[in-house]
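Below: one structure, written as structure tokens.
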Amino acid sequence: MVAQETLKKVIVEYQEFLKTVELQTRDVAFEPKGKYVMVGVRHAGKSYLLYQRARELLAAGHSAEEFCYVNFDDERLIGMKAEALGEILEAYHSLFDHTPILFFDEIQNIIGWERFARRLANEKYLVFITGSNAKMLSREIATTLGERYLAMEVMPYSFGEYLRANGVTVGKNWKYGREANLVRRHVESYLRFGGFPEVLEYQNKRAWLNGLYGRIFFSDMVVRNGIKNEDALRLSVHKLAESVGQPAAYNRIANLVKAAGASTTTASVQDYVRFMRESCFVFSIPNLAAKFAERESVKKHYFIDNGLLNIFLTNPESALLENACALQLHRKYGDGVAFYRLNVEVDFYLPENGLAVQACWSMRDPDTRTRELKALEKLSERYELKKMFVVTRDESETIVLAGGGTVEVIPLAEWLLLMETYET
199 MVAQETLKKV IVEYQEFLKT VELQTRDVAF EPKGKYVMVG VRHAGKSYLL YQRARELLAA
259 GHSAEEFCYV NFDDERLIGM KAEALGEILE AYHSLFDHTP ILFFDEIQNI IGWERFARRL
319 ANEKYLVFIT GSNAKMLSRE IATTLGERYL AMEVMPYSFG EYLRANGVTV GKNWKYGREA
379 NLVRRHVESY LRFGGFPEVL EYQNKRAWLN GLYGRIFFSD MVVRNGIKNE DALRLSVHKL
439 AESVGQPAAY NRIANLVKAA GASTTTASVQ DYVRFMRESC FVFSIPNLAA KFAERESVKK
499 HYFIDNGLLN IFLTNPESAL LENACALQLH RKYGDGVAFY RLNVEVDFYL PENGLAVQAC
559 WSMRDPDTRT RELKALEKLS ERYELKKMFV VTRDESETIV LAGGGTVEVI PLAEWLLLME
619 TYET
């Protein structure tokens, strides 16, 4: 039970905070009357998007007294239950006569929150909700909320956002000017340490990322799901990281975990990967060429940030490059991303967009070059492709395939920036 006086203090404190907090504005356009559920991994910037929306509302003429912001990670609110959520409104109305604009941060801590959120929408409140559990975007919760809320997945910075946060502005012809070396230097850091906004503030980025992983592992995987066999879960994370870029069957991961000395089963590993996805720690893409059963059981799994992936790897270059490509495609196209594996393998295929992408550290080796291009050519023979890319670390050329079609070999930095505005 949280006392009314505590709730009043929380509301007033955050009204002052929202007026003064420093912001790095992100490329998000809110619908003027939209209610939102924003979901993403811890520290991806969900709270700052709430702050950003509050500032936009202030600029539009609203008063800070209209804001009712509650962060359910606040230790003063520990133990709050769904049936007590209405007391937040009671506390607000005892202080102010306005109709509040509601900001609820990390609401996944409250079991049953979605029924309260539905009632608020029915009563025409303007509501913004964040959480770090992908189940909040599940069909079950979406059914409870109906069409009252817009869903938004919040990810760490894109490369373009990362550059702007570092004070780098690129023009249309940046790759021919003095910005080129600066962009290339930043993409090396982005590739290895990822795009979490806070990581920019630390010299020892790996230590910060290790700390973040520890919090995600313990709070969002172990505690939330009541895991008893922590060793098996921890090894499953490691083995999944080592398998980035490879189709990974659950029984294969289970065998690798057992070989490393932990007891587990294929069913347990399947649960562990689901817990990782629910924690917004990884996302998965299917093989478009596979039969349905295999499409569900043998997927490629990518990490939600390159910095998190990098802490597990010893020779990371190729995996990090492919993971960076996966992140950009997932950010832009969501569930429209797949891979294609049938005799040949294309890393990413987007059938609705006619887009195929290979991630390859270098095309200088003749066998590698032949393999990457043959796969794209085979895919183009079967499907109509509007665009084919091979994304490399720093190589650039245009290749006309023997059977027709053009492949653009492009450096990672250039491709990441291109994809932010790419239209198909």
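Numbering (the numbering used here), first residue to last: 199 to 622.
Glycine included, every Cβ here is placed at the ideal spot set by N, Cα and C.
- Between the C-alpha atoms of M278 and N307 there is a straight-line separation of about 9 Å.
- Cβ atoms of L398 and N364 come within 8 Å of each other, at about 7 Å.
- Counting along the chain, N379 sits inside no beta strand (DSSP E); it lies in the alpha helix (DSSP H) bounded by residues 377-391.
- The criterion of a C-beta distance shorter than 8 Å is satisfied by A280 and G310.
- Boundaries for Y374: no beta strand (DSSP E) harbours it, and the DSSP string shows neither H nor E there.
- Non-local C-beta neighbours of L454 in its own chain, meaning closer than 7 Å and more than five positions away in sequence, comprise K437, ordered along the chain.
- The DSSP-derived three-state label of L300 is strand.
- For L571, the enclosing alpha helix (DSSP H) stretches over residues 564-580.
- Here H291 carries a helix assignment [DSSP, helix/strand/coil].
- Setting aside the 5 residues that flank it on each side, V496 is surrounded in the same chain by P445, A447, each with a C-beta closer than 6 Å to its C-beta; the list follows chain order.
- The stretch 259-273 and the stretch 291-304 touch, with three or more beta-carbon pairs separated by less than 8 Å.
- The three-state secondary structure of T342, taken from DSSP, is helix.
- The bridge partners DSSP lists for G329 are V237.
- Taking I597 as reference, the option from T622, T568, A611 with the minimal CA-CA separation is T568.
- Annotated three-state conformation of N427 is coil, per DSSP.
- Close CB contacts of S594 within its chain, under the 7 Å cut and outside five residues either way in sequence, are with V607, I608, P609 (chain order).
- By a beta-carbon distance limit of 8 Å, F394 does not contact G232. Their separation comes to about 26 Å.
- Taking every protein chain shown into account, the CB of T218 has fewer than 16 other CB atoms within 10 angstroms, so this residue is exposed.
- In the structure shown, the three-state DSSP call for C266 is strand.
- In this structure the stretch 574-594 does not touch the stretch 323-331; the number of beta carbon pairs closer than 8 Å is below three.
- Here the C-alpha atom of R362 lies approximately 14 Å from the C-alpha atom of R382.
- Look at D545 here: in three-state DSSP terms it is strand.
- Counting only runs of 3 or more residues that sit fully inside the stretch 471-517, the beta strand (DSSP E) segments are 480-483, 496-501, in chain order.
- In this structure the stretch 403-412 does not lie against the stretch 464-472, because fewer than three pairs of beta carbons, one per stretch, are closer than 8 Å.
- For E606, there is no enclosing alpha helix (DSSP H); the residue is found in the beta strand (DSSP E) stretching over 604-609.
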